[in-house]
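Comments concern the structure below.
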Amino acid sequence: MKNIISLTFIAFMAISQVNAQNKSDKKLAVMKTNIPKISEFPTGEENTGFAHYFTGKSWLAPLTKDKNLNVPIANVTFEPGCRNNWHSHTGGQLLIVVGGEGLYQERGKPARHLKPGDIVEIAPNIEHWHGATATSWFSHLATNGNPNSNENKWLEPVTDEIYKEANKK
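Numbering (mature numbering (1 follows the signal peptide of the UniProt record, and there is no 0)), first residue to last: -20 to -1, 1 to 149.
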């Protein structure tokens, strides 16, 4: 009888531990799903390495693993209101919109509204910014031209006035 009670207690404790772990895993899954799925590509991790070049939060998911291909591609996801600073690329950049609604603007030109399927070809050394609209999540694939020599030149943040004007169009 003592053996049955002991075995029952051990089984109960094991099941309780598994249930606690499952609840913890479910909480973690819920936390990760606060970012809506707006494309078929992974969202990746919060983009903390470049956070000082962004207003708002973004997430980065590198998609190509083989560096020998020389075609680095990443999915970048922006929360509503997030945009990067003015910047340029010495080798140019290509953006392919895969989810949500976004904005792209070259210095001195009107902003362009972006939707899935839009492609933005950015010539070398063109100062520009891109990001989400004020009310929508936004995701694009990004690749840089001439990746072996391409360098980003990060500039000042996009002002709230410029961003508000871009959202009007």
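We put the beta carbon where it would ideally sit given N, CA and C, even for glycine. Nothing here was measured: the structure is a model prediction, and the numbers come from that model.
In the DSSP assignment, what are the bridge partners of residue 16? According to DSSP, residue 16 bridges with nothing at all.
Beta-carbon proximity of residue 134 to residue 69, cut-off 8 angstroms: no
So within the region 19 to 82, which uninterrupted alpha helix (DSSP H) runs reach at least 4 residues, ignoring any that extend past its ends? none
For residue 75, count the other beta carbons within 10 Å of its own beta carbon; 16 or more makes it buried, fewer makes it exposed. Which is it? buried
Please identify the residue among 77, 115, 93 whose C-alpha is closest to the C-alpha of residue 36. 115
Let me check one thing: in DSSP terms, what residues is residue 135 bridge-paired to? DSSP output for residue 135 lists no bridge partner at all.
Going along the chain, which residues of its own chain have a beta-carbon closer than 8 angstroms to the beta-carbon of residue 108, five neighbours each way excluded? 66, 67, 68, 84, 85, 86, 87, 102
Would you mind sorting residue 139 into buried or exposed? The rule is 16 or more other CB atoms within 10 Å of its CB. exposed
What's the gap between the Cα of residue 81 and the Cα of residue 51? 25 angstroms
I need the boundaries of the alpha helix (DSSP H) containing residue 141, first residue and last residue. 140 to 148
Hey, how far is the Cα of residue 169 from the Cα of residue 143? Residue numbering for the chain in the displayed model covers -20 to 149; residue 169 lies beyond these limits and cannot be assessed.
With a 10 Å radius around its C-beta and 16 neighbouring C-beta atoms as the bar for buried, classify residue 19 as buried or exposed. buried
Neighbour-count burial assignment, residue 31, 16 or more Cβ in a 10 Å radius: exposed
Are residue 21 and residue 58 touching if we call contact CB-CB under 8 angstroms? no
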